[in-house]
Structures are given as C-alpha cells and as structure tokens.
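Here is the structure we will look at, set down as structure tokens.
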Amino acid sequence: MTELKAPLPNVFSQGTRPVSASIHVLPDQPTRQPPKLLDQLREALRSRHYSRRTETTYCHWVKRYIFFHHVRHPAEMAEPEMNSFLTHLAVKEKVSASTQNQALCALLFLYRHVLNRKIGDLGEVIRARKPKRLPVVMTREEVKTVLAHLAGDKWLMASLMYGAGLRLMECLRLRVQDVDFSRSEILVRDGKGAKDRITMLPDSLKGPLHKHLVKVKAIHEKDLAAGWGRAPVPGALDRKYPNAPREWRWQWIFPQEKLWKNTQTGEQGRHHIDESLVQKAVKDAVTRAGLIKRASCHTFRHSFATHLLEGGYDIRTIQELLGHSTITLTLDT
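Residue numbers (the numbering used here): 20 to 352.
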C-alpha cells in the first residue's frame, strides 16, 4: 500500500495555512470477469433443481450448437441458426426425433432462462414428431429365463425392476429407508419428473433382499470403522444433519465395490453401482437366454405393466405404480 504526503485542497484548510495529511492510495482492484455462458447455464439449471444428468446433456447440446456455427455467441443468433442446427442433426447426422427434441429443449432453456430472450423472438422453431413405437414386452417365461442367467445383486436388481416396475436409475438410487418390509412397499424418491411414489415389494423378493442388506450393512460397518462410510445425501441435508451421511438408513441398497471420493470435500464413501454394469449384465443374460427380442433393463418395467394388466389389475392402479402423470403414458406402455 502506497502512502503519500501532500497538501489537501483549500476546502480542508484552516485559514490560509495548508494542512498536511496522509492519503492512502489503494492498489487497483482486479476486474471481476462475468461468469462464462456454460457456467450461467449450469447455475440456471441448478437453481431450478434440474438433475445433474440433464445439466450435462444441456451443456453438451449448447456446446455443439456453438461450435456448429463456428464459435459464435448464442446471443448473436436466433431462430434461423437454431433451425439450421436442428436440420443438420436430422438430415446429416440422422438422429432420432427424441434426440432432436432434446437438443431443442436445451437451446430453448438457454434462450429463455440464460439469455432472457422470449420464445416469441425466436420465431417458428422446427419440432420433430416422435414416431409411435410399440414397447418390447417379454412373456413371463422369457422373464424367468433371463433372470435365470443373472446372479447376485444383478439378479436382485433385475427382479426388482420387474417385480416393482422400477426404472433402472430408480432401482440403483434406492436407500435402506425406502424399503418397508412390513407393508410390502417401496418408496421411490425423486423419480422421473421429481415425483415420489409408492410401489409394491413382491413377497418373493423379501428374503433375498433382506439377506443382501445384511451383507451391505457389514460392509458399511467396516467402512465406518475405517473412518469412511459416508453416502451422498440430497441437497444440503448434510449441513443440517452432519451425521446423516453415515447413518445406515441413508446408505445405498446397491453400493459400488470401490470407495467413492467427493472431489469437493475430499471425503470418501460408497456411491451406488454404475448403471452401465447392470445394463451390460442384462444384455448378456438376454443373449445367453436366446431371446431374439431387443430386451433391456427398461423392458422389465414394460413387462411388469403388461402382466399386471393381463392379471386383471385396474389401469389406474398401474398408472400409480408406474408413476405416470397421464393415463395415455400408461396405455402406451
């Protein structure tokens, strides 16, 4: 810090005699750079509680949009540039209608919530029509055959997806407190559309699931003894309840084998198993079972709904179990 001795202006003088004072000259403060566009996009998504997967996807499409137009800023572009990008995806890259609409949703979010441009300013935007496809459904015998080629926790996860109508990520994100053995219920927290719902827990899975949890609890207690044993909890719950990440009820039902490290805090724990491992196991089981159908993890959910309908369940009950917002989605399933 520089200190200067200098006479002050007459307004601070006493009579005609100048008064000497010390003037402290502060160093130049660095100019704060505005946040980058993608950082603004992430902030807008997180403030609206979008999932991290949606955040990654939207950032991916915005980057592709920018590089497609030779690194022009989106604020300088509008409807014609959006249309040319979406047309390129459909005509040149031959992406599906759902992929094209996903890219459009990312761009519309960018213009509405980051660049503060009204949708009317963009003009008419091309929207691809999604073709109506019939879902792949396995028969009961085919389900049994596929499950017979799975073992361990992969068998249990596939059985839950079929027996409870769970999506893959809903199954992987189950925590210990989400299963109620006495009521034969599974609470699906923060499902698709950020909605909670209750679905059934088949009696045939209670025994295998209980044995699996005994093994998982032994691993959790071993991690606690080693100074770890923390699972990521929703939102800022760990600030309100610092011990919550170590509690048994917050642990994943299907934890991964290796310890997971939080890059922000440096703490280690166990995250849930990666979805690609389950997808690969189910794909191999379908191949070994000799199924010609293009069955996947989501096929268990379709089969669950179809078999309930065949068994005489009311369509509204199936809608609630699947967590669909409209009956049309259930009928399409």
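Even glycine gets a Cβ: it sits at the ideal position worked out from N, Cα and C.
Note that the coordinates shown come from a computational prediction; the quantities given were computed from them, not determined experimentally.
For residue j and residue i, the rounded distance between their alpha carbons
i, j, result
"glutamine 298", "alanine 147", "29 Å"
"glycine 342", "glycine 212", "9 Å"
"glycine 309", "isoleucine 238", "36 Å"
"phenylalanine 273", "asparagine 135", "42 Å"
"threonine 318", "arginine 91", "42 Å"
"threonine 306", "valine 165", "9 Å"
"lysine 312", "valine 155", "7 Å"
"cysteine 78", "cysteine 124", "11 Å"
"phenylalanine 87", "lysine 214", "36 Å"
"aspartate 58", "arginine 186", "30 Å"
"valine 162", "lysine 137", "49 Å"
Neighbour-count burial assignment, residue i, 16 or more Cβ in a 10 Å radius
i, result
"phenylalanine 128", "buried"
"leucine 340", "buried"
"histidine 291", "buried"
"valine 233", "exposed"
"phenylalanine 200", "exposed"
"leucine 243", "exposed"
"serine 322", "buried"
"lysine 173", "buried"
"alanine 40", "At alanine 40, the pLDDT of 46 sits below 50, so the modelled position is not reliable and the matter cannot be decided from this model."
"valine 110", "exposed"
"proline 54", "exposed"
"alanine 25", "Residue confidence is low: alanine 25 scores 43 on pLDDT, short of 50, so the model does not pin down where it sits. Its coordinate-derived value is still stated next. So alanine 25 ends up on the exposed side."
"proline 150", "exposed"
"isoleucine 42", "A caution first: isoleucine 42 carries a pLDDT of 49, below 50, which makes its placement in the model unreliable, though a value can still be read off. Per the 10 Å Cβ criterion, exposed."
"proline 93", "buried"
DSSP beta-bridge partners of residue i
i, result
"histidine 291", "Pro274"
"threonine 218", "Ile205"
"valine 198", "Ile205"
"arginine 249", "Gly288"
"lysine 280", "Gln287"
Start and end residues, alpha helix (DSSP H) containing residue i
i, result
"valine 207", "Element bounds for valine 207: not the alpha helix (DSSP H) but the beta strand (DSSP E), 204-207."
"histidine 107", "98-110"
"tryptophan 174", "171-183"
"leucine 328", "316-329"
"methionine 188", "187-191"
"glutamate 339", "334-341"
"tyrosine 77", "71-87"
"arginine 313", "First-last for arginine 313: undefined, no H or E at that position."
"leucine 57", "56-66"
"glutamate 95", "Taken as a continuous stretch (DSSP letters only), glutamate 95 belongs to no alpha helix (DSSP H), as it is neither H nor E."
"serine 117", "116-128"
"valine 165", "159-167"
"lysine 259", "256-259"
ask   = Are the stretch 202-222 and the stretch 180-187 in contact at 8 Å, needing three or more beta carbon pairs?
value = Three or more Cβ pairs drawn from the stretch 202-222 and the stretch 180-187 lie within less than 8 Å of each other, which places the two stretches in contact.
query = Three or more C-beta pairs closer than 8 Å, one from the stretch 100-107 and one from the stretch 118-132: is that the case here?
reply = Yes: the two stretches touch, three or more of their Cβ pairs being nearer than 8 Å.
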